[in-house]
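Protein chains in written order, with our numbering: chain E, 1 to 261; chain Z, 1001 to 1259.
Below is one structure; the comments refer to it alone.
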């Protein structure tokens, strides 16, 4: 009994380290391929359009609702301490530093990460990746490099957009039970924000985007087990990418606070 | 006398070698403990249609994937157009692979592209200096050859199984390959469409003077197109000959393919 549980834990550990090894090798290959010509600029632009522009409505709605709800939920607590006037500053710092980047990244992982995973896995199952190789094309460069780059470049822009709409939502939330002019609201918001709130928050989204792109691509590109593998690739892409977002966030917060001290 | 005989013999050998486009010598391939190809020896001559038969899982698809470099061989020699591929540099290999076309079992059309874009894709990769008009002409010609000019702006999801195979074939033919590899070209098609595809393979071979290796389980297709049939069993070429010869084989296992 003891032996069998030891064997199971050994095999789980072995599987875990093998997975870590192969995703590291996959990431290393990305860095090798990204620098080598020919550069797939047309495909990069196409993917950036699909990943960035096509995600705008979802990100916009989510960002707006988060700002609105956060303001409405925070008001009673602040009112208890007579600190309602701090509402714009508190919401702005929360959205810009943490909620905007993390929530946008999680939605991005759900939409784009799963999409990349499923698309590449289905291309693998239907031999499209092999067909590309036979057509004298490096499928890794054409499919993986372009998708990872576009995810890395587009997520920071989407986060800035979501943050802006979150602040607009918050402005409306404040005016549901109050009367604050847009000028006053945004003056308070910008007075409360510092360089250290904005820049680290944007920098960490570059890493979020990279992790989402690389995990989605890795899961899709290495998928097997036929059509079952397509669903599995999409699912595991979202789970692992979301987990990575939280891990990167935790590390980024530590680094940012260390640098600020 | 002896000298002149030797000379004539050497000349014949060279002529024979020029005629060989694919040669496999003691080729082996394993996937972990699964020894798929154990000792494959085969030759394909210029302009010849070779059909490969065998039970599922005997490595027929692996064999043709080795030819095009999708699967690396473990041991043995693979000679393409008279050149041992293990001795070639990457750039030389690319030149060799450009002469080989591959029709995948599922046709492998790119779902995110239209039929036109599917055909333009390999052209843009291999002939980067082509003008738009020239490319358009080549796309239309390739689609005309497979009888699908009207499908040019459709997406792969709008095509039937037979049409997908035809478009897949057009995408391969557009590069004018010297060797065509077909991985179960008639699988999943009704008998009429299967016959159409088989006839198309013959037409293609005549028009482009290609050599072909066709993996199939469709015995009607094999009968129609094969110049030579090779049967694979347990990772080796178990039998070889014309369709008529193998059909009359005394080995009941081989005969069972033709019944």
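From the three backbone atoms N, C-alpha and C, an ideal C-beta is built for every residue, glycine too.
Comparing C-alpha positions only, which one of the options sits nearest to residue i?
i	options	result
residue 169/E	143/E, 100/E, 151/E, 209/E	100/E
residue 1068/Z	1190/Z, 1183/Z, 1164/Z	1183/Z
residue 110/E	212/E, 193/E, 136/E	212/E
residue 1142/Z	1176/Z, 1159/Z, 1191/Z	1176/Z
residue 1127/Z	1098/Z, 1148/Z, 1154/Z, 1155/Z	1098/Z
residue 1235/Z	1019/Z, 1020/Z, 1026/Z	1026/Z
residue 35/E	142/E, 17/E, 67/E	142/E
residue 1035/Z	1077/Z, 1187/Z, 1073/Z	1073/Z
residue 1051/Z	1020/Z, 1189/Z, 1168/Z, 1230/Z	1230/Z
residue 149/E	217/E, 75/E, 223/E	217/E
residue 171/E	133/E, 59/E, 52/E, 75/E	75/E
residue 139/E	176/E, 220/E, 215/E	220/E
residue 1139/Z	1129/Z, 1119/Z, 1251/Z	1119/Z
residue 1216/Z	1208/Z, 1203/Z, 1195/Z, 1207/Z	1195/Z
residue 1134/Z	1174/Z, 1248/Z, 1155/Z	1174/Z
residue 56/E	107/E, 228/E, 245/E	107/E
residue 103/E	254/E, 214/E, 226/E, 208/E	208/E
residue 251/E	26/E, 203/E, 239/E	203/E
Going along chain E in order, which residues have a C-beta closer than 9 Å to the C-beta of residue i?
i	result
residue 1044/Z	Going along chain E, no residue has its Cβ under 9 Å from residue 1044/Z, so there is no contact; the nearest lies around 18 Å.
residue 1160/Z	Going along chain E, no residue has its Cβ under 9 Å from residue 1160/Z, so there is no contact; the nearest lies around 16 Å.
Can you name the residues of chain E whose CB is closer than 7 Å to the CB of residue i?
i	result
residue 1102/Z	134
residue 1108/Z	126, 127, 128, 130, 131
Taking residue i as the query, report the chain E residues whose CB atoms sit under 8 Å from its CB, ordered along the chain.
i	result
residue 1094/Z	136
residue 1098/Z	136
Run through DSSP, which three-state label would residue i get?
i	result
residue 113/E	helix
residue 1162/Z	helix
residue 1256/Z	helix
residue 1228/Z	strand
residue 1020/Z	strand
residue 1003/Z	Model confidence at residue 1003/Z stands at a pLDDT of 41, short of 50, so the residue's coordinates are unreliable; what they give is reported in the following sentence. Three-state DSSP puts residue 1003/Z in a helix.
residue 1055/Z	coil
residue 1182/Z	strand
residue 1081/Z	coil
residue 1038/Z	strand
residue 1010/Z	Confidence at residue 1010/Z is low in this model, with a pLDDT of 41, below 50, so the placement of that residue should be treated as unreliable; the coordinate-derived value is given next. If DSSP states are grouped into helix, strand and coil, residue 1010/Z belongs with the helices.
residue 1069/Z	coil
residue 1088/Z	coil
residue 243/E	helix
residue 148/E	helix
residue 1212/Z	strand
residue 165/E	helix
residue 1099/Z	coil
residue 1031/Z	strand
* Name, going along the chain, the residues of the segment 126-141 of chain E whose beta-carbon falls closer than 9 Å to a beta-carbon of chain Z. => Those residues of the segment 126-141 of chain E that come within reach of chain Z (Cβ to Cβ, closer than 9 Å) are 126, 127, 128, 129, 130, 131, 132, 133, 134, 135, 136, 137.
* Selection of the segment 1114-1148 of chain Z by Cβ proximity to chain E, strictly under 8 Å -> Answer set for the segment 1114-1148 of chain Z: 1121, 1122, 1125, 1126.
* **Positions along the segment 1062-1081 of chain Z whose CB lies within less than 7 Å of some CB in chain E** => Correct list: 1068, 1070.
* To do: Could you say if the segment 120-127 of chain E and the segment 1100-1116 of chain Z meet the contact criterion of at least three C-beta pairs nearer than 8 Å?
  => Output reads yes: the segment 1100-1116 of chain Z touches the segment 120-127 of chain E.
* Asked: Per the contact definition of three or more C-beta pairs closer than 8 Å, is the segment 1114-1125 of chain Z in contact with the segment 1048-1067 of chain Z?
  -> Using a C-beta cut-off of 8 Å, the segment 1048-1067 of chain Z makes no contact with the segment 1114-1125 of chain Z, since fewer than three inter-stretch Cβ pairs fall below that distance.
* Three CB pairs or more closer than 8 Å across the segment 114-124 of chain E and the segment 234-244 of chain E -> At 8 Å Cβ cutoff, the stretches touch.
* Please confirm if the segment 1140-1154 of chain Z is in contact with the segment 164-181 of chain E, defined as three or more CB-CB distances below 8 Å between the two stretches. => Too few Cβ pairs lie closer than 8 Å, so no.
* Taking contact to mean at least 3 C-beta pairs separated by less than 8 Å, is the segment 1148-1165 of chain Z in contact with the segment 1074-1086 of chain Z? -> These segments do not touch.
* Should the segment 66-84 of chain E be regarded as contacting the segment 192-211 of chain E, the criterion being three or more beta carbon pairs within less than 8 Å? -> Contact between the segment 66-84 of chain E and the segment 192-211 of chain E is absent: fewer than 3 CB-CB pairs across the two stretches fall below 8 Å.
* To do: Specify whether the segment 79-98 of chain E and the segment 180-191 of chain E touch according to this definition: at least 3 beta carbon pairs, one from each stretch, less than 8 Å apart.
  => Here the segment 79-98 of chain E makes contact with the segment 180-191 of chain E; the two share three or more CB pairs at distances below 8 Å.
* Determine, using beta-carbon pairs with one atom in the segment 40-55 of chain E and one in the segment 149-164 of chain E, whether at least three such pairs fall under 8 Å. => Yes: the two stretches touch, three or more of their Cβ pairs being nearer than 8 Å.
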